[in-house]
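Asker: Got a structure for you, questions after.
If you want it as structure tokens, here you go:
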């Protein structure tokens, strides 16, 4: 894969919020004492009168956000993913998802790439938790540029949204002017031998894996599934119908996230060999993001190995 600019998603979330602050007076942003880290501080610079700092009180933040949404406002509420999906889950369930209010929960510092902060701050189950809630749209953009576009898109969408973002800088793979459509996947590379579906920063690793596979004569189709719910089942069906097998890759537990969503669809509509790349029912630990990706099997090489397993299963089924 050619060298790409490395940018942090949270920085581009902040840029998008600053744009919204200037153009949409209906948007209000709330944070739980982490504005410098989540980059909601960029909104505050433009529209301080519409920025609400609730302090270390995430449950209260969701309650205030739901009240603002019930009064007609578009409320963005941000904190780290472990707090957004865990500490205030009951408030999200009853005060946001159940009444289907226009609250955008944008959580940063997701996944194992949070690094040295360790297991207490590495959300590996947030997609599963949020995906299970009725009325909740769940999004995980592939890079900084798509984060900006997704933030603008969810601001124009009426209803609850959970969007997860990473902490660290990682390669940009989408064009800077990318358009984002909720519920629509992007085919990043066409291929005929295997379908690789990635989410978040794992999409970059999927593309790297596809380049390694070309050296072996394997043509992989790579899909960026940036909306986990609603899942773009049409794109999955078309691709796996062509390739006959599939690999999913996520910086999240294989339980309940992208891999589970794809498995549920394929098992009902298009039974096909599927190998899931992600963490395996474990907590993370402290370490550098690169070291953790290697230890927990999230590298491009791990995706290549998963492709071999899926293709082997496909071959066995044909015999």
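In my numbering, the protein residues as written are 1331 to 1649.
We treat Cβ as the ideally placed atom computed from N, Cα and C, and that holds for glycine.
For the alpha helix (DSSP H) that contains residue 1544, what are its first and last residues?
Answerer: 1532 to 1544 is the span of the alpha helix (DSSP H), which, as asked, contains residue 1544.
Asker: Of the choices 1555, 1472, 1645, whose alpha-carbon is the least far from that of residue 1573?
Answerer: When only C-alpha atoms are compared, the closest one is 1645.
Asker: Taking just the CA atoms, how far does residue 1599 sit from residue 1546?
Answerer: The alpha-carbon atoms of residue 1546 and residue 1599 are separated by roughly 30 Å.
Asker: Do three or more CB pairs link the region 1502 to 1516 to the region 1344 to 1360 at distances below 8 Å?
Answerer: At 8 Å Cβ cutoff, the stretches do not touch.
Asker: Between 1539, 1560, 1533, 1561, which lies nearest to residue 1553 when the distance is taken from Cα to Cα?
Answerer: Answer by Cα proximity: 1533.
Asker: Give, in chain order, every unbroken run of the alpha helix (DSSP H) that is at least 4 residues long and sits entirely within the region 1453 to 1478.
Answerer: Segments of the alpha helix (DSSP H) lying fully in the region 1453 to 1478: 1456 to 1461.
Asker: Among all the DSSP beta bridges, which residues are the ones paired with residue 1491?
Answerer: Paired residue(s): 1434, 1467.
Asker: Buried or exposed: where does residue 1661 fall if 16 or more other Cβ atoms within 10 Å of its Cβ makes it buried?
Answerer: The structure shown does not extend to residue 1661, since the chain is modelled only from 1331 through 1649, so no value can be given for it.
Asker: Alpha carbon to alpha carbon, what distance is there between residue 1495 and residue 1367?
Answerer: So the two alpha carbons sit approximately 12 Å from each other.
Asker: Using the rule of at least 16 other Cβ atoms within 10 Å of the residue's Cβ for burial, across every protein chain shown, is residue 1535 buried or exposed?
Answerer: Residue 1535 should be labelled buried.
Asker: Taking 8 Å as the line, does the beta carbon of residue 1636 fall inside it for any heavy atom of the ligand FAD?
Answerer: With respect to the ligand FAD, the structure shown offers nothing to examine, as it has no ligands at all.
Asker: Can you grab the Cα-Cα spacing for the pair residue 1706 / residue 1569, in whole Å?
Answerer: Residue 1706 is absent from the structure shown; the chain starts at 1331 and stops at 1649.
Asker: What did DSSP end up calling residue 1629 once you bin it into helix, strand or coil?
Answerer: The answer is coil: DSSP assigns residue 1629 none of H, G, I, E or B.
Asker: If you count every other CB in all the chains shown that lies within 10 Å of the CB of residue 1372, and 16 or more means buried, which is it?
Answerer: By the neighbour-count rule (16 or more Cβ atoms within 10 Å), residue 1372 is buried.
Asker: Taking 8 Å as the threshold, find out whether the region 1416 to 1424 comes into contact with the region 1587 to 1605 through three or more Cβ pairs.
Answerer: No: fewer than three Cβ pairs fall under 8 Å.
Asker: Across the region 1389 to 1407 and the region 1469 to 1478, are there enough close Cβ pairs to call them in contact, namely three or more that are closer than 8 Å?
Answerer: With the cut-off at 8 Å, the region 1389 to 1407 and the region 1469 to 1478 do not touch.
Asker: In chain order, what residues of the same chain lie with their CB nearer than 6 Å to the CB of residue 1405, ignoring the 5 residues before and after it?
Answerer: If we look at residue 1405 and ignore the five residues flanking it on each side, its Cβ neighbours are 1358, 1395, 1398, 1399, 1433.
Asker: For residue 1436, count neighbouring C-beta atoms within 10 Å of its own C-beta (all shown protein chains included) and say buried if the count is 16 or more, exposed if not.
Answerer: With 16 or more other Cβ atoms within 10 Å, it is buried.
Asker: Select from 1591, 1334, 1490 the residue whose C-alpha is nearest the C-alpha of residue 1465.
Answerer: When only C-alpha atoms are compared, the closest one is 1490.
Asker: In the DSSP assignment, the alpha helix (DSSP H) including residue 1390 goes from what residue to what residue?
Answerer: First-last of the alpha helix (DSSP H) with residue 1390: 1388 to 1400.
Asker: Would you report the Cα separation of residue 1605 and residue 1611, rounded to the nearest angstrom?
Answerer: If I take the Cα positions, the gap works out to 15 Å.
Asker: Provide the residue(s) that pair with residue 1527 in DSSP beta bridges, ordered along the chain.
Answerer: Partner(s): 1553, 1578.
Asker: With distances taken from CA atoms, which of 1576, 1549, 1501 is nearest residue 1339?
Answerer: Answer by Cα proximity: 1501.
Asker: At what residues does the alpha helix (DSSP H) containing residue 1354 begin and finish?
Answerer: Unbroken run through residue 1354: none, as it is neither H nor E.
Asker: Select from 1548, 1634, 1479 the residue whose C-alpha is nearest the C-alpha of residue 1733.
Answerer: This structure cannot speak to residue 1733, because the chain is shown only from 1331 to 1649.
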